[in-house]
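Quick note: the sequence shown, position 205, residue 205 per the UniProt record's numbering, numbers continuous. C-beta: ideal position from N, C-alpha, C; glycine also. Note that the coordinates shown come from a computational prediction; the quantities given were computed from them, not determined experimentally.
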Amino acid sequence: MVKIHNFGAGPAKLPEEVYEIIKDELTNFGGTGISLLETSHRSQTYLKLNTEVQDVVRRLLNVPSNYKILFLAGGGQGQFAAVPLNLISRTGTADYVVTGTWSEKAAKEAKKYGKVNLVLPTTDRHTGIPDVSTWKLDPNASYVHICTNETVHGVEFDFIPDTKGVPLVADMSSNFMSKKIDVSKFGVIYGGAQKNIGTAGVALVIVREDLLNQALPICPSIFDWTITAKNDSILNTPPMFAIYIMGRVLEWIERKGGLDKMAEMATKKSSLVYKMIEESNGFYYAPVAKNSRSKMNIPFRIGSSEGNDVLEKEFLKGAEARGLIQLKGHRMVGGIRASTYNAVTVEEVETLVSYMREFYQQHSK
Ligand SMILES: *Cc1c(COP(=O)(O)O)cnc(C)c1O
1 MVKIHNFGAG PAKLPEEVYE IIKDELTNFG GTGISLLETS HRSQTYLKLN
51 TEVQDVVRRL LNVPSNYKIL FLAGGGQGQF AAVPLNLISR TGTADYVVTG
101 TWSEKAAKEA KKYGKVNLVL PTTDRHTGIP DVSTWKLDPN ASYVHICTNE
151 TVHGVEFDFI PDTKGVPLVA DMSSNFMSKK IDVSKFGVIY GGAQKNIGTA
201 GVALVIVRED LLNQALPICP SIFDWTITAK NDSILNTPPM FAIYIMGRVL
251 EWIERKGGLD KMAEMATKKS SLVYKMIEES NGFYYAPVAK NSRSKMNIPF
301 RIGSSEGNDV LEKEFLKGAE ARGLIQLKGH RMVGGIRAST YNAVTVEEVE
351 TLVSYMREFY QQHSK
C-alpha cells in the first residue's frame, strides 16, 4: 500500500509518536492495570492527568497566573454559545469580526443571547482582513470576537487587534499552539482540539479571571466557565480521553522544541506551497491576500481564479493515487485545500509540492 499523507482540515493528522504512546497506554494507563477509558473521573489517576494537561498548556503558552485553563465538552461550536452565555450580560451587546465561515457561525449563535454588532461589512468572499482603521467597533460591546485562523477560507490574523480595553475573545481552533502568542492581550482564547492539538470532543478555554462571574442565568452549568473553573473542569464526566490525547500532543510539541519550533515549521511548510502557487503563472491560484494567508490551511484553485472543475477533479484523483489525501476544498469554497498543521511533516509537504509541480508541468499550456 502507498504511504498515506493526510492533509485533512480536521479531524486532522496526529503525530505518529503520539499514536505509539496511546497504543502503549491504551489498556494499562500509568501502571493502573486498566484503561483510562474505564477510569473514574474522580480518581487520583485522572486528577493527576487533569493537572498535568493544564500545566503543559500553561508552560507552552506562558499563560499568566490570572487566567484559568478549562476543558469543556461540546467542541469549538459549543463555545460559540458559551462565549455569549458567559460574557454578553455586561452590556447585552458584542462585536463580531467576521472574516470567514467560522466567525460567521459564531456571530449567528451569539445573536440568540444578545445584540451582535458586525464590525465589518457583510460579504461571502473572505480573502483577507480589512484594515483595522475601517473596523466599526462599538465601545459599549461586552467583548470583541475574532477567529484567528479561518479554516475554510484560509485567512489568518498576523496581528492582535487593539480593542481599546474591550475584552478580546479569540477562536483559535485551527491555529492553537502553532506559534507563540501573548495571552495577556486576550480576555478569552478557545478552540476545539481536533485540528492542531488533539481529537474531537474537547474545547480548550483560557479565560481571564475577572471575566468570570457574569454568566447569564440561562447558561447551562456545563457551559458555565465560572462553575467549570470552580470544579477544576470536573463538574461532570469530562471528555477524558480527548483531554488525555490533547495532553500527549502538547507534550510532543514541547519535546519537539515548543511553539517557536512549531512556528518555524509552519512558515517553512506553508511557504513551500505558496511558493509553488506563485511560480505557476496563475495555473494555481491562491485567493487570500498575502498578509493574511494562513500557515495552517492553504486553499487554492486550479486552472483559473474560479477553478477548473475537470482539472481540480483530476488533481485530487492523482493525489489520492500517490497517498496524498483529504485535499478537497471545503464544499462552501470548492477547489483544493492543503492543511499543514503541526503533525504534518516538511517531507510530506515536499511530496505534495513535487506532485503539484508535476501536475502543473503536465497541464499548463
Ligand atoms: C472546526 C472549527 C470549529 C468547530 O469545531 P467543532 O469542534 O466541530 O465544533 C470552530 N472554529 C474553527 C476555526 C474551526 O476550524
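Q: Kindly indicate which residue of Asn149, Ser133, His153 and Phe176 has the alpha-carbon position closest to the one of threonine 163.
A: In the sequence shown, the residue the question calls residue 163 occupies position 163. Out of Asn149, Ser133, His153 and Phe176, Ser133 has the C-alpha closest to the C-alpha of threonine 163.
(Q) Buried or exposed for aspartate 24, going by 16 or more other Cβ atoms inside 10 Å? (A) Position 24 of the sequence shown, counted from the start, is the residue given in the question as residue 24. Exposed, since its Cβ has fewer than 16 Cβ neighbours within 10 Å.
**Q.** CA nearest to the CA of alanine 263, picked from Glu20, Thr51 and Leu61
**A.** For the purposes of this step, residue 263 is identified with residue 263 of the sequence shown, where counting begins at 1. Closest by alpha carbon: Leu61.
(Q) With the cut-off set at 8 angstroms, would you say proline 15 and alanine 343 are in Cβ contact? (A) On the sequence shown, residue 15 is found 15 positions in, with the first residue counted as 1. On the sequence shown, residue 343 is found 343 positions in, with the first residue counted as 1. Result yes, Cβ atoms of proline 15 and alanine 343 sit closer than 8 angstroms.
Q) Are threonine 340 and lysine 290 closer than 8 angstroms when you measure CB to CB? A) Taking the sequence shown and counting its residues from 1, the one referred to as residue 340 is at position 340. Taking the sequence shown and counting its residues from 1, the one referred to as residue 290 is at position 290. No. Outside cutoff.
(Q) Beta-carbon within less than 8 angstroms of threonine 39's beta-carbon, same chain only, minus the 5 sequence neighbours each way: which residues are those? (A) Mapped onto the sequence shown, residue 39 falls at position 39. Residues of the same chain with a CB within less than 8 angstroms of the CB of threonine 39, apart from the 5 flanking positions on each side, are Phe29, Thr32, Thr45, Tyr46 and Met240 in chain order.
Q | Inter-residue spacing [alpha-carbon to alpha-carbon] between glutamate 320 and serine 43 | A | Taking the first residue of the sequence shown as 1, we reach residue 320 at position 320. Taking the first residue of the sequence shown as 1, we reach residue 43 at position 43. In a straight line, the C-alpha of glutamate 320 is about 45 angstroms away from that of serine 43.
Q.
Quick check on threonine 237: buried or exposed, where buried means 16 or more other Cβ atoms within 10 Å of its Cβ?
A. As a first step, residue 237 is located in the sequence shown; it is residue number 237 there, counting from the start. When all chains shown are included, threonine 237 counts as exposed.
Q. Taking the Cβ atom as the reference point for each residue, do leucine 324 and tyrosine 285 lie within a distance shorter than 8 angstroms?
A. If you number the sequence shown from 1, residue 324 lands on position 324. If you number the sequence shown from 1, residue 285 lands on position 285. Against a cut-off of 8 angstroms, the Cβ pair of tyrosine 285 and leucine 324 comes out as no contact.
Q) Once you ignore the five residues that flank isoleucine 4 on each side, which residues in its own chain have a CB closer than 7 angstroms to its CB? A) Translated into positions along the sequence shown, residue 4 becomes position 4. Excluding sequence neighbours, isoleucine 4 sits near Gly323 and Ile325.
Q. Less than 7 angstroms between the CB of tryptophan 252 and some heavy atom of ligand 3, yes or no?
A. Among the ligands modelled here, namely ligand 1, ligand 3 does not occur.
Q: Please report the residue range of the beta strand (DSSP E) in which arginine 59 lies.
A: For this step, residue 59 is matched to residue 59 along the sequence shown. From DSSP, arginine 59 is part of no beta strand (DSSP E) but of the alpha helix (DSSP H) over 44-61.
Q) For proline 11, which three-state DSSP category applies? A) Here residue 11 refers to the residue found at position 11 of the sequence shown. Looking at proline 11 - three-state DSSP - the assignment turns out to be coil, as it is neither helix nor strand.
Q) Which one or two residues does DSSP pair with arginine 293 in a beta bridge? A) The residue given as residue 293 occupies position 293 in the sequence shown. DSSP, once it has assigned bridges, lists Val155 as partnering arginine 293.
Q) Does any heavy atom of ligand 1 sit closer than 7 angstroms to the C-beta of serine 184? A) Within the sequence shown, numbered from 1, the residue matching residue 184 stands at position 184. No - ligand 1 has no heavy atom lying nearer than 7 angstroms to the Cβ of serine 184.
(Q) Is the beta carbon of proline 299 closer than 8 angstroms to that of isoleucine 336? (A) Along the sequence shown, one-based indexing puts residue 336 at 336. Along the sequence shown, one-based indexing puts residue 299 at 299. Cβ atoms of isoleucine 336 and proline 299: closer than 8 angstroms.
**Q.** For alanine 266: DSSP bridge partner residues
**A.** Translated into positions along the sequence shown, residue 266 becomes position 266. In the DSSP output, where bridge partners are listed per residue, alanine 266 has none listed.
Q: Over the uninterrupted alpha helix (DSSP H) stretch that includes aspartate 24, give me the two end residues.
A: For the purposes of this step, residue 24 is identified with residue 24 of the sequence shown, where counting begins at 1. Note, aspartate 24: alpha helix (DSSP H), 16-25.
Q.
Taking 7 angstroms as the cut-off, is the C-beta of glycine 76 nearer than that to any heavy atom in ligand 1?
A. Sequence index remark: in the sequence shown, residue 76 carries index 76 (1-based). Flag set: Cβ of glycine 76 near ligand 1.
Q) Going by Cα to Cα distance, which pick from Gly78, Val152, Gly258 and Val119 is closest to residue 445? A) Residue 445 cannot be examined here, being either before or after the span of the chain that is shown, 1 to 365.
**Q.** Distance CB(aspartate 158)-CB(aspartate 95) smaller than 8 angstroms
**A.** The residue given as residue 158 occupies position 158 in the sequence shown. The residue given as residue 95 occupies position 95 in the sequence shown. Not a contact, by the Cβ cut-off of 8 angstroms.
(Q) Taking 7 angstroms as the cut-off, is the C-beta of threonine 151 nearer than that to any heavy atom in ligand 1? (A) If you number the sequence shown from 1, residue 151 lands on position 151. Answer for threonine 151: yes, Cβ within range of ligand 1.
Q. With 16 as the cutoff for other CB atoms within 10 Å, does tyrosine 274 come out buried or exposed?
A. Numbered from 1 along the sequence shown, position 274 holds the residue referred to as residue 274. By the neighbour-count rule (16 or more Cβ atoms within 10 Å), tyrosine 274 is buried.
Q | Own chain, CB closer than 7 angstroms to alanine 229, minus 5 neighbours either side, in chain order | A | Here residue 229 refers to the residue found at position 229 of the sequence shown. Hits under 7 angstroms: Lys68, Leu70 and Leu212.
Q. Looking only at its own chain, which residues have a Cβ that is under 6 angstroms from the Cβ of phenylalanine 88, when we skip the five neighbours before and after it?
A. Taking the sequence shown and counting its residues from 1, the one referred to as residue 88 is at position 88. For the record, residue 88 in the displayed sequence is isoleucine; it is not phenylalanine. Hits under 6 angstroms: Ala94, Tyr113, Gly114 and Ser142.
Q: Kindly list the residues whose CB is nearer than 6 angstroms to the CB of phenylalanine 176, restricted to its own chain and excluding five residues on each side of it in sequence; keep chain order.
A: Position 176 of the sequence shown, counted from the first residue, corresponds to residue 176. Counting only Cβ-Cβ distances below 6 angstroms, and skipping sequence neighbours, we find Gly191, Asn196 and Ile197.
Q: May I ask you to report which of helix, strand or coil DSSP gives threonine 228?
A: If you number the sequence shown from 1, residue 228 lands on position 228. Looking at threonine 228 - three-state DSSP - the assignment turns out to be helix.
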